[in-house]
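Chains as they are written, first to last, in our numbering: chain A, 26 to 185; chain B, 10 to 401.
C-beta: ideal position from N, C-alpha, C; glycine also.
Down below is the structure, laid out as structure tokens.
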């Protein structure tokens with residue numbers, strides 16, 4: 026049942042307890058209790074709006090930065106990853122298989138800000154041997170949602 | 010100058026255009042409508058099915074198929090009906106691929122109807138049975154199913170409807186618009202009445218895969234004694250979100266299917282080839298996708314049913330298809346008045362129950378082929394509308 030609640034909230038974090046209880050058959054009280062429990066024990070880490078910033082004038086520049094890293098004895102990649110994760114403009118940090126070691130997604134105001142961040146903050150970290158920055162030029166699908174698709178699904182308003 | 014009235018068939022002219030045509034035209038041209046009005050899934054056709062269609066085009070598989078449909082598809086249909094409903098049909102002689110379930114209904118009725126034959130049609134139900142019966146020269150005999158019976162056909166109602174002239178019974182279950190289903194016991198009771206008669210059953214099971222509460226659909230043809238008299242009709246539109254592909258099928262004993270195929274052969278030639286290739290993939294590989302879609306429909310169903318009941322519009326739990334059929338009798342309005350006023354004042358589109366027969370009076374059909382968010386919005390607006398009705 027908790028999984029069902031999580032799936033509903035993952036699709037719409039603003040879904041009311043009333044709606045969730047209608048769908049799951051739980052009481053509103055129990056729904057509330059279960060969600061609070063999952064918040065307390067860290068299963069639900071927070072609630073965010075999924076924003077298509079390209080539709081907003083005050084938009085952002087995002088980039089994917091691939092890092093090659095010399096892992097430290099005993100600590101592996103943890104120390105560097107934790108360090109990078111502290112920058113507020115870093116959206117995600119992943120340990121990767123394949124050509125690069127860490128993958129960092131950053132969101133900045135301008136291209137300049139991204140380059141400055143890579144050159145002055147990331148590239149100079151001890152243990153990082155190379156960086157490769159790829160700017161995101163356009164988002165077609167993000168957060169599992171097709172951003173470019175039209176709202177009208179072509180079904181009309183009424184049919185038998 | 011030609012007087013078109015004189016040249017057109019009187020049978021066709023006597024078929025009244027649906028009284029709510031005007032309402033539909035208005036609803037379909039209005040902008041920013043929050044609709045619960047459509048009878049087709051919002052999901053896309055599963056990707057692997059679209060891909061199979063594309064592949065068949067790349068291979069230039071664009072010629073006529075055999076009249077009955079691709080052999081590979083008929084074989085898959087045979088496997089599918091056996092696997093899902095426990096009925097065996099010979100792909101060579103007992104299965105016909107049609108242009109949607111609709112064509113199969115038309116062909117089946119035409120194949121069996123002599124002028125004056127009575128065709129028993131339960132209502133509220135999908136709109137096509139009555140006009141097609143008339144076009145085939147038959148006489149529709151309506152059973153008005155009731156909410157308190159969960160819109161099933163009861164044995165008493167069937168007995169009363171049967172006369173010397175009865176040729177066929179149409180069984181439209183799971184039912185659009187009521188969401189009613191006929192379970193094994195319900196069907197067995199009807200089978201008992203039909204045994205030792207020559208009455209044909211045309212079982213339109215297009216919503217067969219969309220049943221809820223762990224109820225597995227029972228096909229009318231699977232009831233002992235029923236297979237020999239049943240034309241089983243199904244299709245791809247609802248189960249696999251393939252409405253625009255126009256593909257369905259009929260399964261029936263060879264003597265029936267041969268004659269149905271004869272009409273199909275002259276009227277249609279064969280069902281669309283691309284769709285047939287895509288449909289093979291749908292039957293082979295989409296169990297998981299269909300299960301996910303049914304799970305999603307089920308959540309919407311629970312939300313909308315609870316929503317209507319909370320608003321004071323009594324709504325029985327639909328057990329199949331994807332429609333809620335709440336009663337609006339408490340408002341004192343007719344179904345059409347309710348729908349028109351709701352559309353004009355709140356831009357919410359639902360379908361008057363009367364679109365599905367006179368016995369739909371007092372009900373509206375609300376489709377839940379929409380996202381949870383969309384359904385919540387629509388319910389909220391219907392709530393506002395009901396408040397305003399009370400205060401006026």
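Minimum Cα-Cα distance from residue 177 of chain B among the listed residues B/125, B/58, B/227, B/136 corresponds to B/125. Residues of chain B with a Cβ closer than 8 Å to the Cβ of residue 44 of chain A are, in chain order, 312, 381, 385. Within chain A, 47 have C-beta atoms less than 8 Å from the C-beta of residue 315 of chain B, given in sequence order. Spatial neighbours of residue 143 of chain A in its own chain (CB-CB distance under 7 Å, excluding positions within 5 residues in sequence) are listed in chain order as 90, 156, 158. Cβ-Cβ separation between residue 188 of chain B and residue 328 of chain B: approximately 6 Å, consistent with a contact (criterion under 8 Å). With a minimum length of 3 residues, the unbroken runs of beta strand (DSSP E) contained wholly in the region 69-135 of chain B fall at 104-107, 127-132.
With 16 or more other CB atoms across the displayed protein chains lying within 10 angstroms of its CB, residue 129 of chain A is buried.
Approximately 6 Å separates the beta-carbon atoms of residue 129 of chain B and residue 152 of chain B; this is inside 8 Å, confirming the contact. Listed along chain A are 181, 182, 183, each with a C-beta nearer than 8 Å to that of residue 37 of chain B.
Residue 374 of chain B carries a strand assignment under DSSP once its states are collapsed to helix, strand and coil. Annotation: residue 353 of chain B is outside any beta strand (DSSP E); the continuous alpha helix (DSSP H) that includes it extends over 344-355.
For residue 152 of chain B, the uninterrupted beta strand (DSSP E) segment begins and ends at 148-153.
Cβ atoms of residue 289 of chain B and residue 61 of chain B come within 8 Å of each other, at about 7 Å. Fully enclosed alpha helix (DSSP H) runs of no fewer than 4 residues occupy 263-276 of the region 246-276 of chain B, in order along the chain. With contacts defined by Cβ atoms closer than 9 Å, residue 202 of chain B and residue 171 of chain B form a contacting pair. Residue 158 of chain A carries a strand assignment under DSSP once its states are collapsed to helix, strand and coil.
For residue 145 of chain A, there are no CB contacts under 8 Å within the same chain when 5 residues up- and downstream are skipped. Contact annotation for residue 37 of chain A against chain B: 381, 382 [CB-CB distance below 8 Å, chain order]. In the structure shown, residue 135 of chain A adopts coil according to DSSP, grouped into three states. Boundaries of the alpha helix (DSSP H) harbouring residue 57 of chain A: 53-65, taken from the DSSP string.
Under the three-state reduction of DSSP, residue 361 of chain B is assigned to strand. In the three-state scheme derived from DSSP, where H, G and I count as helix and E and B as strand, residue 44 of chain B is classed as strand. In this structure, residue 337 of chain B keeps its C-beta atom at 9 Å or more from the C-beta atom of residue 105 of chain B.
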